[in-house]
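In order, the protein sequences belong to chains A and B. Heads up: the first sequence at position 11 corresponds to 11 in the UniProt record's numbering, and the numbers run straight through without jumps. Heads up: the second sequence at position 64 corresponds to 64 in the UniProt record's numbering, and the numbers run straight through without jumps. All remarks here apply to the structure that follows.
Number of protein chains: 2
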Amino acid sequence: MVHLNRQIDGATPGFARPLSKSERTRQRILDSAARVFASKGFAGVSLRDIASAADTKAGSLYYHFASKDELVEAVLRHAIEEMHQHVRDAVDAAADEGAAGRLKAAISAHTESVMERTDYAKALLRISSQIPDDVRERHNKHARAYGEYWGQLFNDARDEGAIRVDLDLTLARLLVLGAMNWTVEWPASLWSPESITSTLNKIVFEGIGTDDVDEEAVRALH
Amino acid sequence: MVHLNRQIDGATPGFARPLSKSERTRQRILDSAARVFASKGFAGVSLRDIASAADTKAGSLYYHFASKDELVEAVLRHAIEEMHQHVRDAVDAAADEGAAGRLKAAISAHTESVMERTDYAKALLRISSQIPDDVRERHNKHARAYGEYWGQLFNDARDEGAIRVDLDLTLARLLVLGAMNWTVEWPASLWSPESITSTLNKIVFEGIGTDDVDEEAVRALH
DNA sequence: GTCTATAAGCGGATAGAC
DNA sequence: GTCTATCCGCTTATAGAC
Numbered sequence: 001m002v003h004l005n006r007q008i009d010g011a012t013p014g015f016a017r018p019l020s021k022s023e024r025t026r027q028r029i030l031d032s033a034a035r036v037f038a039s040k041g042f043a044g045v046s047l048r049d050i051a052s053a054a055d056t057k058a059g060s061l062y063y064h065f066a067s068k069d070e071l072v073e074a075v076l077r078h079a080i081e082e083m084h085q086h087v088r089d090a091v092d093a094a095a096d097e098g099a100a101g102r103l104k105a106a107i108s109a110h111t112e113s114v115m116e117r118t119d120y121a122k123a124l125l126r127i128s129s130q131i132p133d134d135v136r137e138r139h140n141k142h143a144r145a146y147g148e149y150w151g152q153l154f155n156d157a158r159d160e161g162a163i164r165v166d167l168d169l170t171l172a173r174l175l176v177l178g179a180m181n182w183t184v185e186w187p188a189s190l191w192s193p194e195s196i197t198s199t200l201n202k203i204v205f206e207g208i209g210t211d212d213v214d215e216e217a218v219r220a221l222h
Numbered sequence: 001m002v003h004l005n006r007q008i009d010g011a012t013p014g015f016a017r018p019l020s021k022s023e024r025t026r027q028r029i030l031d032s033a034a035r036v037f038a039s040k041g042f043a044g045v046s047l048r049d050i051a052s053a054a055d056t057k058a059g060s061l062y063y064h065f066a067s068k069d070e071l072v073e074a075v076l077r078h079a080i081e082e083m084h085q086h087v088r089d090a091v092d093a094a095a096d097e098g099a100a101g102r103l104k105a106a107i108s109a110h111t112e113s114v115m116e117r118t119d120y121a122k123a124l125l126r127i128s129s130q131i132p133d134d135v136r137e138r139h140n141k142h143a144r145a146y147g148e149y150w151g152q153l154f155n156d157a158r159d160e161g162a163i164r165v166d167l168d169l170t171l172a173r174l175l176v177l178g179a180m181n182w183t184v185e186w187p188a189s190l191w192s193p194e195s196i197t198s199t200l201n202k203i204v205f206e207g208i209g210t211d212d213v214d215e216e217a218v219r220a221l222h
């Protein structure tokens, strides 16, 4: 699964200038690194592992990246931009469905990214707590923009009256994102992304509880 | 924060035989390993790191553990048993509150384990995807028992009529556990475990939406 | 039981041939 | 641009003194 989103990595959005050999190799290394990082973590992966997955040699990586840290930073940067773009596209496509509809679309898109779309999203979620501090600090700057985008989605839905007001909205957002992100730790998925997002959206918006059974009332019966 | 649950590690439950020097050292090494694994992952941690945290030398670890793999396996085993015990205690204490009340108690207890109780839980969640395959396979055997315990909690709540029947209950359980587990990835927690469990239980049982929440009824209960 | 010393090998990174 | 060869520090693990 090769990604050629030059709107993301390149400097000339929209233009179809063919990739140079060097750019193609660089991309192949990034893709391989994402795949290997996603399955084995950060520290557990050697540059020889990555080179082998990219069908080249460890020494050759240094023509494209100055260090392992710089390579992983590029992977994380690509990952967050790709996820953000995928979610933004889904939200834009649901533009006229109201804030609650847009939030649901975002939840579906983010889950899709984690579960099936690319190794970049999986690598991002799996290794962002294992990387050197300076790399993480730079990465957090990009990640924060994505978090704030989600904050806006939640705020809009609440302003629309679709979210109850007795919730800490930041906390709610982090918990919902956590439920999606943790799917990266599931073994081979027995469920389709559709069934997962459907179930998650039901739980998030309506809860698992039945309407007619009230917790306090149930307790009072005993 | 040292743990002396000999019901878990030892063979003689309930009896207060003093720990031998060797047992105490072994426990100190385990505690230190859990702490270091929790913050730096598995592959990124050297035996010197662990030894240093336990105030001893790398070579000395081999008197207590045959290999790094065996050490991490002991950490994971302790972690899962401690979490399971903590949740079971909370559920037992809520025995007469109905199945839904017991499930809420379990959610609170599991979140507590992840957020503040021990380094073991954090290490478990952070590294279980990074360890060698054979270690993970043995670990999964123990983890499965814990998963089945949660499955029973959800089943009981549904049988009681407290959970809507249009949900894939296994999927719901995994998503709810995921929301809790992902809190391990949060930076320094700005929230108390109480506010987190309160918000999470609201979302899980009632959802974030306003559609099916009877505001009058909620207010009347307080 | 714990230490020091060390073996054997893997890690990131560099130099220089092609 | 990519390769091979290599440096050198760090890793797990062992041996043997105390």
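Beta carbons are placed, not taken as given, at the ideal position from N, Cα and C, and that holds for glycine.
Contact under 8 Å by Cβ, residue i with residue j
| i | j | result |
| --- | --- | --- |
| Asp96(B) | Ala34(B) | no |
| Asp166(B) | Ser195(A) | no |
| Phe37(B) | Ala123(B) | yes |
| His64(A) | Arg26(A) | yes |
| Ala43(B) | Gln130(B) | yes |
| Ala115(A) | Pro18(A) | The displayed chain sequence assigns Met, not Ala, to residue 115(A). Contact flag unset, no. |
| Val91(A) | Ala106(A) | yes |
| Thr197(B) | Thr111(B) | yes |
| Asn201(A) | Lys68(A) | no |
Own chain, CB closer than 6 Å to residue i, minus 5 neighbours either side, in chain order
| i | result |
| --- | --- |
| His86(B) | Ala109, Ser113 |
| Ile163(B) | Ala157 |
| His222(B) | Low per-residue confidence applies at His222(B): pLDDT is 49, beneath 50, and the placement is therefore not dependable enough to give any value. |
| Asp133(A) | none |
Own chain, CB closer than 7 Å to residue i, minus 5 neighbours either side, in chain order
| i | result |
| --- | --- |
| Arg173(B) | Trp150, Gly151, Phe154 |
| Ala58(B) | Leu47, Arg48, Ala51 |
| Val184(A) | Val114, Lys122, Leu125, Arg126 |
| Leu30(A) | Ala74, Val75, His78 |
| residue 223(A) | No statement about residue 223(A) is possible, as the shown extent of chain A runs from 1 to 222 and does not include it. |
| Val45(B) | Val36, Phe37 |
| Ser189(B) | Met115 |
| Arg28(B) | Ala54 |
| residue 223(B) | Nothing in the structure corresponds to residue 223(B), since chain B is present only between 1 and 222. |
Other residues of its chain near residue i: CB distance less than 8 Å, five sequence neighbours each side excluded
| i | result |
| --- | --- |
| Tyr62(B) | none |
| Val72(A) | Ala33, Phe37, Phe42, Ile127, Ile131, Val135 |
| His139(B) | Glu73, Leu76, Arg77, Ile80, Ser128, Ile131 |
| Ala143(B) | Ile80, Ser128 |
| Asp89(A) | Ala109 |
| His84(B) | Ala145, Tyr146, Tyr149 |
Presumed contact (8 Å Cβ cut-off) between residue i and residue j, rounded CB distance
| i | j | result |
| --- | --- | --- |
| Ile203(B) | Gly207(A) | 7 Å |
| Ala53(A) | Ser39(A) | About 10 Å; that fails the 8 Å criterion. |
| Thr170(B) | Leu171(A) | About 26 Å separates the two Cβ atoms, so there is no contact after all. |
| Glu160(A) | Ala94(A) | Contact flag wrong, Cβ pair sits at about 13 Å. |
Inset, instruction - Write down every uninterrupted run of the alpha helix (DSSP H) in the region 84 to 167 of chain B whose length is 4 residues or greater and which is fully enclosed by it, in chain order. - result: 98 to 112, 119 to 127, 133 to 159
Legend entry - Entirely enclosed alpha helix (DSSP H) segments - the UniProt domain "HTH tetR-type" (23 to 83) of chain A, minimum 4 residues: 47 to 53, 58 to 64
Legend entry - Touching by the beta-carbon criterion (3+ pairs, under 8 Å), the region 174 to 193 of chain A and the region 179 to 193 of chain B: yes
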